[in-house]
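Enquirer: Residue numbers (the numbering used here): 106 to 291.
1. What are the partner residues of residue 116, as DSSP defines its beta bridges?
2. Is residue 173 helix, strand or coil when you go by DSSP?
3. Just to confirm, is the Cβ distance from residue 156 to residue 191 under 8 Å?
4. Going by DSSP, which residues form a beta bridge with residue 121?
5. Can you give me the Cβ contacts of residue 177 inside the same chain, cut-off strictly under 6 Å, excluding the 5 residues immediately before and after it?
6. Going by DSSP, which residues form a beta bridge with residue 186?
7. Just to check my reading of the structure: residue 293 and residue 247 have Cβ atoms closer than 8 Å, yes? What is that Cβ distance to the nearest angstrom?
8. So what does DSSP say about residue 143, is it helix, strand or coil?
9. Measuring CB to CB, does residue 200 end up less than 8 Å from residue 153?
10. Please name the residue or residues paired with residue 223 in a DSSP beta bridge.
11. Where residue 148 and residue 271 are concerned, what is the direct C-alpha to C-alpha distance, given to the nearest angstrom?
12. Check each candidate in 193, 239, 130, 232 and name the one with the smallest Cα separation from residue 215.
13. Starting from the C-beta of residue 312, find all residues in its chain whose C-beta is less than 6 Å away, skip the five residues before and the five after it, and write them out in chain order.
Below is the structure:
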């Protein structure tokens with residue numbers, strides 16, 4: 106937890122999927138969320154949605170006093186979720202292969218993202234989608250594949266977290282805004 110005062114507190118909840126019971130999590134969800142979970146093709150995606158949504162409900166219930174089953178979510182036009190009964194309690198969700206993180210804030214919108222560092226990436230295709238021209242030059246100046254991977258994923262997660270915070274989508278692409286990069290840092 107990071108805090109200057111209670112109103113400026115940012116709380117992070119980080120966990121592994123394996124530490125949660127998927128069936129117990131399933132029972133926390135209302136029928137429309139169970140239907141949504143069942144629409145995922147891959148079982149691991151169904152499980153991730155179920156566990157993350159259950160943990161989110163449990164934390165919001167604890168923080169707001171609203172019973173888990175009574176919590177309802179609304180989405181803005183870009184898909185950003187908020188709790189209908191507690192709209193000033195901001196949160197953001199991210200998950201990857203085996204872990205997930207939830208970030209909470211009372212002082213304003215928040216965004217979070219995580220990525221699995223060992224995933225296979227097609228840099229040639231992705232750098233056109235993610236980087237501005239200036240970022241691409243920094244990326245291409247890095248010779249180590251490990252450092253290129255780290256730089257790419259750090260840039261991706263920063264941009265993804267920012268768009269989540271702003272409650273927008275990447276309609277114009279990640280290359281529509283820039284992250285300050287230093288090749289010597291990687």
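Backbone N, C-alpha and C fix where the C-beta goes; we use that ideal spot for every residue, glycine too. Fair warning: this is a prediction, and the values are worked out from it, not measured in the lab.
Expert: Reading it off the structure:
1. 209
2. helix
3. no
4. 204
5. 189
6. 180
7. The requested residue 293 does not occur in the structure, where the chain is confined to residues 106 to 291.
8. helix
9. yes
10. None; residue 223 has no bridge partner.
11. 30 Å
12. 193
13. In the structure displayed, the chain extends from 106 to 291; residue 312 sits before or after that span and is not available.
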